[in-house]
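>
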Amino acid sequence: MVSLKLTSLVLVALRALSAVAQLPDGIEVESIEELEDAIDDPSKLQSTTLNVKISTTFPDSEVFGVKLVNGHPTRAVLDISNQEPEPIKLALQARR
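Quick look at the structure:
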């Protein structure tokens, strides 16, 4: 039982530490110390605002809200309306 707890703790820690960092377009650095010197425009550091409307509904939910039960799938319906002139990329992560 202890092994299972430690294994799950290690997996959670690994997942938290394996985040992917992305640099703004046009910036290449070999070490983290060069990053501050490579960014000449401070606006590249800030995230952009997308003109996208997203709504989520749970059609199989109960009257009083979503019922989340381990082992039972919950159906979610995403409605995405892209108001941007260019296509957007969407990444979803789900567990089963």
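Just so you know, we're using numbering that gives the first Met the number 0 here: the sequence shown kicks off at 0 and counts up by one. Yeah, the Cβ is synthetic: ideal placement off N, Cα and C, and Gly gets one too.
#1: From which residue to which residue does the beta strand (DSSP E) around V68 run?
#2: First and last residue of the beta strand (DSSP E) that includes T56?
#3: Grouping DSSP H, G and I as helix and E and B as strand, with all else coil, what is V9?
#4: Suppose you measure from the CA of K52 to the CA of F63; what does that come to, to the nearest Å?
#5: Which partner residues does L89 have in the DSSP bridge list?
The answer reads as follows:
#1: Careful: V68 lies outside any beta strand (DSSP E) and carries neither H nor E.
#2: V51 to T56
#3: helix
#4: 25 Å
#5: Per DSSP, L89 has no beta bridge partner at all.
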